[in-house]
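Enquirer: Line by line, the protein sequences give chains A and B.
Sequential numbering of the first sequence, starting at 603, is according to the working numbering.
Sequential numbering of the second sequence, starting at 3, is according to the working numbering.
Glycine residues also receive a C-beta, built at the ideal position from the N, C-alpha and C atoms.
Got a structure for you, questions after.
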Amino acid sequence: MSTTWLSVPSGTRRRRNAISTFMLALTVLATLIAVTPLLFILGWLLIQGVRYLNLDFFLNDPAPIGEAGGGVRNGIIGTLIMSGIALLIAVPVGVLTGIFLAEYRGNPLATVVRFATDVLAGIPSIVVGIFVYTIIVLPRWFQGAAFSGFAGGVALAVIIIPILVRTTEEILRLVPGSIREAAAALGVPKWDYTLTVVVPSAFSGIATGIMLGLARAAGETAPLLLTALGNNFYNTKLDQPMAALSLQIFTYAIAPFEEGRRLAFAAAFVLIMLVLLVNIVTRYVFRVRSINL
Amino acid sequence: MELELTYDRVQESTQAAVGDRTARCNGHIHVRDMHFYYGAFQALRGITLDFAPGAITAIIGPSGCGKSTLLRTLNRMTDMQPNTRVEGMITLDGSDLYARSVDVVDVRRRIGMVFQRPNPFPKSIYENIAYGLRRKGVARRDLDGHVEQALRKAGLWNEVSNRLQTSGLALSGGQQQRLCIARALAMNPAVLLMDEPCSALDPIATLKIEELMRELRREITIITVTHSMQQAGRVSDTTVFMLMDVNGRAGMVVETGPTNDLFTAPRDQRTEDYISGRFG
Ligand SMILES: Nc1ncnc2c1ncn2[C@@H]1O[C@H](COP(=O)(O)OP(=O)(O)OP(=O)(O)O)[C@@H](O)[C@H]1O
Ligand SMILES: [Mg+2]
Chain A
603 MSTTWLSVPS
613 GTRRRRNAIS
623 TFMLALTVLA
633 TLIAVTPLLF
643 ILGWLLIQGV
653 RYLNLDFFLN
663 DPAPIGEAGG
673 GVRNGIIGTL
683 IMSGIALLIA
693 VPVGVLTGIF
703 LAEYRGNPLA
713 TVVRFATDVL
723 AGIPSIVVGI
733 FVYTIIVLPR
743 WFQGAAFSGF
753 AGGVALAVII
763 IPILVRTTEE
773 ILRLVPGSIR
783 EAAAALGVPK
793 WDYTLTVVVP
803 SAFSGIATGI
813 MLGLARAAGE
823 TAPLLLTALG
833 NNFYNTKLDQ
843 PMAALSLQIF
853 TYAIAPFEEG
863 RRLAFAAAFV
873 LIMLVLLVNI
883 VTRYVFRVRS
893 INL
Chain B
3 MELELTYDRV
13 QESTQAAVGD
23 RTARCNGHIH
33 VRDMHFYYGA
43 FQALRGITLD
53 FAPGAITAII
63 GPSGCGKSTL
73 LRTLNRMTDM
83 QPNTRVEGMI
93 TLDGSDLYAR
103 SVDVVDVRRR
113 IGMVFQRPNP
123 FPKSIYENIA
133 YGLRRKGVAR
143 RDLDGHVEQA
153 LRKAGLWNEV
163 SNRLQTSGLA
173 LSGGQQQRLC
183 IARALAMNPA
193 VLLMDEPCSA
203 LDPIATLKIE
213 ELMRELRREI
223 TIITVTHSMQ
233 QAGRVSDTTV
243 FMLMDVNGRA
253 GMVVETGPTN
263 DLFTAPRDQR
273 TEDYISGRFG
């Protein structure tokens, strides 16, 4: 008897349930559509890549064209070096800009910078390559070198700066304003509590953004074509053309022989594993260390 | 004319009282003919009040009448909001808080604030207290002592002394609020502003905070906003009743006086209506 006021005509109830089930089905379908290509790529790479993988692949440099064997040691090293340079340049610039945009929102300069960042994020990466080619490679700006690992690192930095700016800004916006008020009420100047309270409480989020940037830098190909150029030999000198995994995937994949396809798959697999590894390690480290908001 | 003369005199003494970082002031706040604007909207009109040292003043009034705004003008938290404007004068021990020569940092160190929702930093309990001390330049070896003293004053020491390194966010709401009070007290302010400090707390936590306020009263001027008239009656020595202007909606002070008098024999009809529940 006490349920009478709660009960709804059974037709209405059935309709509600039907709509609910239908919407749920739609969501599941959309998720499947989104995830399928990802799983397909990963699965295919796994199958194709692992088949050709062996220790030699990591320890050897590419074999002369047409010969069997050879590895991507120089590409792994090159990718690590150039991504490292990119982070060295982009992290200070990107994170500080993100802090500025988030914490000084009303500043007229912030509007201009935010717009510029959005534009930069939308520039095709090959254009960034041309840009760096024009300002660094052509004038031999870096120690008289033309194509160089340094130029490649700069190109990658330009590409990931907008990513770092955006993620940093968005993460900082999630920090509740009440924490800023608390610090201000203690008589701490704004620049000070921004760096000592606001940024540390968003630290793991900013670190995740940096990892996103790193993953992006490691995977970029087009901007390296015109800057690092690629190199068939082992090289760690910044003023020499430098190999990169992504460039090797590109050259091997379009090479007109079976061996090339084999190497391309294996290199792609290594690249993805590298990115995955960096992601997992950083996530683990920062999860343990940071106090959540 | 007279006002201007006073203003000059006040500016001279400003450096002495507010600028000197070591001098402990009495905590006497004086508000005279203060008007406050959010852009074009006037939120406070003609506020004249005296907050005496060693007493607890409660500010009561209906929602939106400007209680929080008034409180925030007292330690210049309103500086953080763009397009706000203060007219008139607010002094601490005779020094104009809004004088050009005054650094807002010094104002806030002398006039601490506790907010409606507990807002500890996402740091350890210890670090919540030590943070402000470090910014203030307290030596590392003195920190432990100061932290303990502040936590004791806030009546929290016994509950947290064995877990100072755990997150301040892991405490209960009431404990978090007392942590925030300890954080403010650690800076050794002369005045403590509290904006509905108990509104997010249960009755027992509320009683603890009220007890704490009464204990602190001797050494510090306390100004608290509250929606609870029982609370105003329990803790405060003086009560300020505010209301919105009928036209223009600016907040103003209707009546102020010793809490007992104001509750038992209000002079203004509107005060009587409000405390007897016939209003807002
Ligand atoms: N940042 C702001 N910008 C513009 N107007 C504001 C701002 N903050 C408050 N106001 C207005 O100022 C008036 C007073 O607000 P205030 O928060 O001081 O009221 P209050 O008495 O504390 O109310 P409550 O009891 O609900 O907390 C209100 O009309 C409010 O809408
Ligand atoms: Mg309020």
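1. Return yes when at least one heavy atom of ligand 1 lies under 8 angstroms from the C-beta of LEU51/B, else no.
2. So HIS32/B is in the beta strand (DSSP E); what residue range does that whole segment cover?
3. Quick one: measure Cβ to Cβ for LEU135/B and LEU145/B, integer angstroms, because I've assumed they're closer than 8 angstroms.
4. Can you tell me the Cα-Cα spacing of ARG23/B and ALA54/B, whole angstroms?
5. Between the alpha carbons of THR50/B and ALA184/B, how many angstroms are there, rounded?
6. With DSSP as the reference, please indicate the residues paired to GLY259/B in a beta bridge.
7. Using 8 angstroms for Cβ pairs, my map puts VAL790/A next to ARG74/B. What's the rounded Cβ distance?
8. Rounded to whole angstroms, what's the CA-CA distance from PHE744/A to PHE835/A? Just pull it up for me.
9. Any residues in the stretch 721-746 of chain A with a beta carbon nearer than 7 angstroms to a beta carbon of chain B? Which ones, in chain order?
10. Can you check which of these residues, GLU129/B, ILE131/B, LEU72/B, is closest to GLY48/B by C-alpha distance?
11. Starting from ALA186/B, trace the alpha helix (DSSP H) both ways and give me its first and last residue.
12. For VAL715/A, does the three-state DSSP call read helix, strand or coil?
13. In terms of residue numbering, what span does the alpha helix (DSSP H) encompassing ARG143/B cover?
14. Please go through the same chain and pick out, in chain order, the residues whose beta-carbon is closer than 6 angstroms to the beta-carbon of LEU722/A, but skip the five residues on each side of it.
15. For SER65/B, does the three-state DSSP call read helix, strand or coil?
16. Using 9 angstroms as the limit for Cβ to Cβ distance, is ASN262/B near chain A?
17. Quick check: LEU849/A and LEU828/A, are their CB atoms within less than 9 angstroms of each other?
18. Going straight from the alpha carbon of ILE277/B to that of ILE113/B, what length do you get?
19. Interface residues of chain B around VAL697/A at Cβ under 8 angstroms?
20. What residue from THR240/B, ALA252/B, VAL255/B has the CA that sits closest to PHE265/B's CA?
21. Pairs of beta-carbons, one from the stretch 760-777 of chain A and one from the stretch 803-812 of chain A, closer than 8 angstroms: are there three or more?
22. For VAL33/B, which residues of its own chain have a beta-carbon under 7 angstroms away from its beta-carbon, when the five flanking residues on both sides are left out?
23. Is MET79/B closer than 9 angstroms to MET36/B when the C-beta atoms are compared?
24. Can you tell me where the alpha helix (DSSP H) holding ARG617/A begins and where it ends?
25. So is TYR128/B buried or exposed if we call it buried at 16+ other beta carbons inside 10 Å?
26. Which residues of the stretch 848-865 of chain A have a Cβ closer than 8 angstroms to any Cβ of chain B? Give them in chain order.
27. Could you name the residues of the same chain whose beta carbon sits closer than 8 angstroms to that of ILE211/B, not counting the 5 residues immediately before and after it, in chain order?
28. Quick one, are the C-beta atoms of VAL104/B and ASN77/B less than 9 angstroms apart?
29. Starting from the beta carbon of GLY114/B, find every residue of chain A whose beta carbon is closer than 9 angstroms, and list them in chain order.
30. Would VAL870/A pass as a contact of ILE762/A if the rule is Cβ separation under 9 angstroms?
31. Using a Cβ cut-off of 7 angstroms, which residues of the stretch 126-157 of chain B contact any Cβ in chain A, in chain order?
32. List, in chain order, every chain A residue whose beta-carbon is nearer than 7 angstroms to that of VAL107/B.
33. Beta carbon of ALA692/A, beta carbon of LEU766/A: below 9 angstroms?
34. Determine the chain A residues that contact ARG119/B at a beta-carbon separation under 7 angstroms, and present them in chain order.
35. For GLN44/B, which three-state DSSP category applies?
36. Cβ of PRO802/A less than 9 angstroms from any chain B Cβ?
Expert: Walking through what the data contain:
1. Walking along the second sequence from the start, residue 51/B turns up at place 49. No, since every heavy atom of ligand 1 falls outside the 8 angstroms radius drawn around the Cβ of LEU51/B.
2. Here residue 32/B is taken as the residue at index 30 of the second sequence, counted from 1. Counted as a single uninterrupted DSSP element, the beta strand (DSSP E) harbouring HIS32/B occupies residues 31-40.
3. The count along the second sequence starts at 1 and reaches residue 135/B at position 133. The count along the second sequence starts at 1 and reaches residue 145/B at position 143. With a Cβ gap of about 6 angstroms, LEU135/B and LEU145/B count as contacting.
4. Numbered from 1 along the second sequence, position 21 holds the residue referred to as residue 23/B. Numbered from 1 along the second sequence, position 52 holds the residue referred to as residue 54/B. Caution is warranted here: a pLDDT of 46 is assigned to ARG23/B, below 50, making its placement in the model unreliable, and the coordinate value is therefore given only provisionally. One Cα belongs to ARG23/B, the other to ALA54/B, and the distance between them is close to 22 angstroms.
5. Against the second sequence, residue 50/B aligns to sequence position 48. Against the second sequence, residue 184/B aligns to sequence position 182. As the crow flies, the alpha-carbon of THR50/B is around 30 angstroms from that of ALA184/B.
6. Within the second sequence, residue 259/B is the residue found at index 257, counting from 1. Bridge partners of GLY259/B: THR241/B.
7. Walking along the first sequence from the start, residue 790/A turns up at place 188. Walking along the second sequence from the start, residue 74/B turns up at place 72. So it is not a contact: roughly 17 angstroms between Cβ atoms.
8. Taking the first residue of the first sequence as 1, we reach residue 744/A at position 142. Taking the first residue of the first sequence as 1, we reach residue 835/A at position 233. Each residue's Cα considered, the two are about 21 angstroms apart.
9. Here the close residues number zero.
10. Residue numbering aside, residue 48/B sits at position 46 when the second sequence is read from its first letter. Among GLU129/B, ILE131/B, LEU72/B, the Cα nearest to that of GLY48/B is on LEU72/B.
11. Here residue 186/B corresponds to residue number 184 of the second sequence, with the count starting at 1. Counting along the chain, the alpha helix (DSSP H) containing ALA186/B begins and ends at 175-188.
12. Residue 715/A sits at position 113 when you count from the first residue of the first sequence. Three-state result, VAL715/A: helix.
13. Your numbering for residue 143/B matches position 141 in the second sequence. Note, ARG143/B: alpha helix (DSSP H), 142-155.
14. The residue labelled residue 722/A in the question sits at position 120 within the first sequence. Taken in chain order, the residues that qualify are PRO764.
15. Translated into the one-based positions of the second sequence, residue 65/B becomes position 63. Collapsing the DSSP output to three states places SER65/B in coil.
16. Against the second sequence, residue 262/B aligns to sequence position 260. Not one chain A Cβ lies under 9 angstroms of ASN262/B.
17. Counted from its first residue, the first sequence places residue 849/A at position 247. Counted from its first residue, the first sequence places residue 828/A at position 226. In this structure, the beta-carbon distance from LEU849/A to LEU828/A does not fall below 9 angstroms.
18. Sequence index remark: in the second sequence, residue 277/B carries index 275 (1-based). Sequence index remark: in the second sequence, residue 113/B carries index 111 (1-based). So the alpha carbons of these two residues sit roughly 29 angstroms apart.
19. On the first sequence, position 95 is the one that residue 697/A refers to. Result: empty, since nearest Cβ-Cβ is about 19 angstroms, beyond 8 angstroms.
20. Translated into positions along the second sequence, residue 265/B becomes position 263. Comparing C-alpha distances from PHE265/B to each of THR240/B, ALA252/B, VAL255/B shows the shortest one belongs to THR240/B.
21. Yes, since at least three Cβ pairs between the stretch 760-777 of chain A and the stretch 803-812 of chain A fall closer than 8 angstroms, the two stretches touch.
22. On the second sequence, position 31 is the one that residue 33/B refers to. Excluding positions up to five away in sequence, the list reads ILE49, THR50, LEU51, ILE92.
23. Your numbering for residue 36/B matches position 34 in the second sequence. Your numbering for residue 79/B matches position 77 in the second sequence. Not in contact: MET36/B and MET79/B (Cβ atoms no closer than 9 angstroms).
24. Position 15 of the first sequence holds residue 617/A. Run containing ARG617/A: 612-654, per the alpha helix (DSSP H) assignment.
25. Residue 128/B sits at position 126 when you count from the first residue of the second sequence. Buried is the call here.
26. So the list is empty, because no residue satisfies the distance condition.
27. Residue mapping note: residue 211/B aligns to position 209 of the second sequence, counting from 1. Excluding sequence neighbours, ILE211/B sits near GLY176, GLN179, ARG180, ILE183, PRO199, CYS200, LEU203.
28. In the second sequence, counting from the first residue as 1, residue 104/B sits at position 102. In the second sequence, counting from the first residue as 1, residue 77/B sits at position 75. In this structure, the beta-carbon distance from VAL104/B to ASN77/B does not fall below 9 angstroms.
29. The residue given as residue 114/B occupies position 112 in the second sequence. By Cβ distance, chain A contributes ALA787, LEU788, GLY789.
30. Translated into the one-based positions of the first sequence, residue 870/A becomes position 268. Translated into the one-based positions of the first sequence, residue 762/A becomes position 160. The residue asked about is misnamed: residue 870/A is Ala in this sequence, not Val. Contact flag unset, no.
31. Within the stretch 126-157 of chain B, the residues whose Cβ lies closer than 7 angstroms to any Cβ of chain A are, in chain order, GLY134, ARG137.
32. Translated into positions along the second sequence, residue 107/B becomes position 105. The contacting residues are GLY789, PRO791.
33. The residue given as residue 692/A occupies position 90 in the first sequence. The residue given as residue 766/A occupies position 164 in the first sequence. Taking 9 angstroms as the Cβ cut-off, ALA692/A and LEU766/A qualify as a contacting pair.
34. Counting from one through the second sequence, the residue named residue 119/B turns up at place 117. Here the neighbours are SER780.
35. The count along the second sequence starts at 1 and reaches residue 44/B at position 42. Reduced to three states, the DSSP call for GLN44/B is strand.
36. Taking the first residue of the first sequence as position 1, residue 802/A is located at position 200. At least one CB of chain B lies nearer than 9 angstroms to the CB of PRO802/A.
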